[in-house]
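Single-structure report; data block below.
2 protein chains.
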Amino acid sequence: MSSDMLDGRSKDILYAVVESYISTPEPVGSRFITKKYPFGFSSATIRNIMADLEDLGFLIQPHTSAGRVPTDKGYRFFVDALLHKERDSGQQEVPREFAKQFTHKLERIKTNMNAMFSEVTNTLSMMSNYVGVAMPPKSEKSTLKRLDLMKYKGSSVVAILLTDEGIIKNRVLNVHADLAQEDLTRIAEYLNAEYAGSTLDEIKSSLIKRMKHEKALWDKLIAKAMEICEQALSFGEDDIFVSNLYDVMDLPDFSNIARIKELSRAIKDKHMIVSLLDDFIEADGVNVVIGDENPIEDLRRLSVVSSTYKEGDRPMGVIALIGPTRMDYAKAIFMVDAVAKCVSRTFES
Amino acid sequence: MSSDMLDGRSKDILYAVVESYISTPEPVGSRFITKKYPFGFSSATIRNIMADLEDLGFLIQPHTSAGRVPTDKGYRFFVDALLHKERDSGQQEVPREFAKQFTHKLERIKTNMNAMFSEVTNTLSMMSNYVGVAMPPKSEKSTLKRLDLMKYKGSSVVAILLTDEGIIKNRVLNVHADLAQEDLTRIAEYLNAEYAGSTLDEIKSSLIKRMKHEKALWDKLIAKAMEICEQALSFGEDDIFVSNLYDVMDLPDFSNIARIKELSRAIKDKHMIVSLLDDFIEADGVNVVIGDENPIEDLRRLSVVSSTYKEGDRPMGVIALIGPTRMDYAKAIFMVDAVAKCVSRTFES
DNA sequence: ATTAGCACTCTAACAGTGAGAGTGCTAAAG
DNA sequence: CTTTAGCACTCTCACTGTTAGAGTGCTAAT
């Protein structure tokens, strides 16, 4: 980490510059620092230090004779410092009331996953002015509680999957045969007996193995059961919840449509976001990705703050905030963390 | 309708002005009209007529010595004229190929309602640059095909409703009793025997009647069944599908955030949109609401073009486009109509 | 009834100016 | 050797004045 090369003084100044720029989006000059932060150096000294910081790539000036603005590297330094600080002094106090209220609210609507995650993303967005994102639990990792099959039109069948976590998925399948409801019920019973308690992933692989092995299945119905089960498990894309952009538009960073459109484009492709957040589901605590660091092209001028929610200690999904690199990281980190904890609590009870 | 007071000449000019302004968002002047539309009058005459049209409230000038811009009343005249014209000459030809392709696409994903309606709104938005909206079929109006109950954690039960239209709803209920899965199955069977084939609305009212009548139900299980059924039928808010704003941001009308935010605000409250579209579900053909005419405050500077999709001749839901009052109505009307028809076709097969 | 002509108005674009903010460098002070 | 005061320099932004152009309304002539 190249910020190790900085002496204490430089760190203080850098921290101050980033903090100031985050709170007010104006390039910050040396004189301003001397006024607002009583370091005890003259503006000339600050100036020298800032020039060094610029050489090292932490700051940049929009043009000669403007103040300095943090680079992504500068923000990274700031966030790292922030995370260390956090660890020492728990700054939560005021928002305990919020957490309580919010948990209550979630508790009330947790029966409806959609409504719950919409609530999560919208609250997140409203309170932070950034884009709230929530990735619901991955169904593949959850364990099958019960499978039901219902006859539908013609040769199509509705499969309903219930998992331990309360994820309910349904899917219309074509079974290429006119099975009676009784047959379906029997098939479902068979599959339940066989697979209840396994994770969907396990079921899938076991299924593939068995189908290969017993190539000619003696029992027609069991063969059909296998076929149905496989279809039932192949879910479509993962859906993800993203807040609307209403509150985001208040930010000065997005005061022109070009920027807002960029953001809109970044969150349009939900697969992208999913694949990004997938990487953080195993990570512990809050994760911050800043601008450049982002693997996804469209997110290179944005930052992502994420945290996982868990049931017990098994990570289930991810909560995140997406905003400009000039983000109030302290706030974003705190909020994501708090909300993730609320969601975890909801899943436990 | 006050546009009856206009003579043919005035109508032609008004139509031309609106058409021109829709195609290019520049106030249109008298000279421009003489150039582009060979009416055979001089600019001075046009000028007089335009002054009259302004007095009558069809046009307005942003400032002295600018051209004229249509008022909502002006757009209304234009749209009415458009709808009459449409009736005579079917202008569909080119997009038959599109309709075919799109119907195919829907056919492939119709098993997943969510995916289907997302596809509808996003395609609509992408092709028109306006906001695509789709209201899925109202579950209350659809008939019950089958109800299933599955035991969940503790005293909660998952109810799954399958309707004729393929709407599958699930809901977690609290039954305040530790019923075994067998009991649940029996209850479900009973309810299916009793109610399959009725619309959910009918079931609801019948249920209420019965519960009042036989106050002391002798059969505990049937009492429970009633209770469960009632809970299962009380769905939450209707959800509605709204496209993202990505393509909308290309419009010059929304080139500043204030306008885009206004739009964002208007579509944020989905209940509002639902209540608006509900009014048009019975209407035949395409419906256009222009600016002022809108009952909802937030939509007063926007227009809504809507159409219903049906199964047979029973209207099921609404497809709509929301855009600026300066909208390409011809295109919007055509697209909404075409897409609604594609969706109808999908529901039929 | 229509139109040519003209005076009038308003906007948008452009260039020029000056204040202000902030820098880098140098030389003096600690 | 580090810090600071001083100063010349640079760049932006806000303001001003000016002008070209587009469009109007009115009047008088056709």
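Chains as they are written, first to last, in numbering that gives the first Met the number 0: chain A, 0 to 348; chain B, 0 to 348.
Ideal placement from N, C-alpha and C gives every residue a C-beta, glycine not left out.
Kindly indicate the opening and closing residues of the beta strand (DSSP E) around I318(A).
-> Run containing I318(A): 313-323, per the beta strand (DSSP E) assignment.
Keeping to the same chain, check which residues put their C-beta closer than 6 Å to that of Q230(A); ignore five residues upstream and five downstream.
-> L172
Between the Cα of M126(A) and those of V247(A), I239(A), G165(A), spot the shortest distance and give me the residue it belongs to.
-> V247(A)
May I have a chain-ordered list of the alpha helix (DSSP H) segments no shorter than 4 residues that lie completely inside the segment 66-144 of chain A?
-> 71-87, 95-108, 112-127
Determine the direct distance from the alpha carbon of I280(B) to that of K223(A), and round the result to whole angstroms.
-> For K223(A) and I280(B), the distance between alpha carbons rounds to 42 Å.
Answer with buried or exposed for S274(B), where buried requires no fewer than 16 other C-beta atoms within 10 angstroms of its C-beta.
-> That one is exposed.
Assigned secondary structure, D147(A) (DSSP; H/G/I helix, E/B strand, else coil) | Residue state, collapsed to three classes: strand.
Contact check, L146(A) vs A176(A) under 8 Å by CB: the rounded distance?
-> Not really, about 18 Å apart at Cβ, beyond 8 Å.
Coil, strand or helix - E281(B) by DSSP = Correct three-state label for E281(B): coil.
Pair within 7 Å by beta-carbon distance, E139(B) and D200(B) = One thing to note: E139(B) has its Cβ within 7 Å of the Cβ of D200(B).
Mind checking the segment 132-148 of chain B against chain A and listing, in chain order, the residues whose C-beta falls within less than 9 Å of any C-beta there?
-> K144, R145, D147
How many whole angstroms separate the CB atoms of V16(A) and L58(A), which I take to be in contact at a CB cut-off of 8 Å?
-> 6 Å
Close-in-space but distant-in-sequence residues of the same chain around Y328(B) (CB under 8 Å, 5 per side omitted) = I21, Y74, F77, V78, L81, V287, S302, V304
Using beta-carbon positions only, say whether C105(A) and L52(A) come within less than 7 Å of one another.
-> According to the sequence as given, residue 105(A) is Leu; it is not Cys. No, Cβ-Cβ distance for L105(A) and L52(A) is not below 7 Å.
Give me the Cα-Cα distance between D349(A) and R185(A), rounded to the nearest whole angstrom.
-> The structure shown does not extend to residue 349(A), since chain A is modelled only from 0 to 348, so the question has no answer here.
Just the Cα atoms here: how many angstroms apart are I166(B) and R170(A)?
-> 11 Å
L190(B) versus V241(B), T23(B), L232(B), E164(B), residue with shortest Cα-Cα distance = Out of V241(B), T23(B), L232(B), E164(B), L232(B) has the C-alpha closest to the C-alpha of L190(B).
Specify the secondary structure class of Y308(A) as computed by DSSP and reduced to three states.
-> Residue state, collapsed to three classes: strand.
Identify whether R30(B) lies in helix, strand or coil by the three-state DSSP scheme.
-> Helix at R30(B).
Helix or strand or just coil, what does DSSP make of R299(A)?
-> coil
Which one of Y36(B), R30(B), K34(B) has the shortest CA to CA distance from A43(B)?
-> R30(B)
Simplified DSSP state of F240(A), which is helix, strand or coil | strand
Given a limit of 9 Å on CB to CB distance, which residues of the segment 326-339 of chain A reach chain B?
-> none
Contiguous alpha helix (DSSP H) assignments of at least 4 residues, all confined to the segment 163-234 of chain B = 180-194, 199-212, 219-232
Closest by CA to D6(B), which one among P24(B), P37(B), K35(B), M49(B)?
-> M49(B)
Excluding sequence positions up to five away, which residues of its chain have a Cβ less than 7 Å from the Cβ of K72(B)?
-> G56, F57
For my contact list, R300(B) and E261(B) are in at a C-beta cut-off of 8 Å; report their separation, rounded to the angstrom.
-> 7 Å
Using 10 angstroms around the beta-carbon of K150(B), count the other beta-carbons present and answer buried if the total reaches 16, otherwise exposed.
-> buried
From F40(B) to K10(B), what distance separates their C-alpha atoms?
-> 14 Å
Would you verify that the beta carbon of Y245(A) is, or is not, closer than 7 Å to some beta carbon of chain B?
-> Yes, because at least one Cβ of chain B sits closer than 7 Å to the Cβ of Y245(A).
How many angstroms separate the CA atom of I318(B) from the CA atom of S263(B)?
-> Cα to Cα, the separation comes out at about 19 Å.
Do we get a CB-CB distance below 7 Å when we pair S348(B) with the residues of chain A?
-> no
Under three-state DSSP, which class holds N47(A)?
-> helix
Which residue's Cα is closest to the Cα of C228(B): F333(B), A337(B), A195(B)?
-> A195(B)
How many angstroms separate the CA atom of A282(A) from the CA atom of D312(A)?
-> 12 Å
Determine, using beta carbons only, whether K104(A) comes closer than 7 Å to chain B.
-> no
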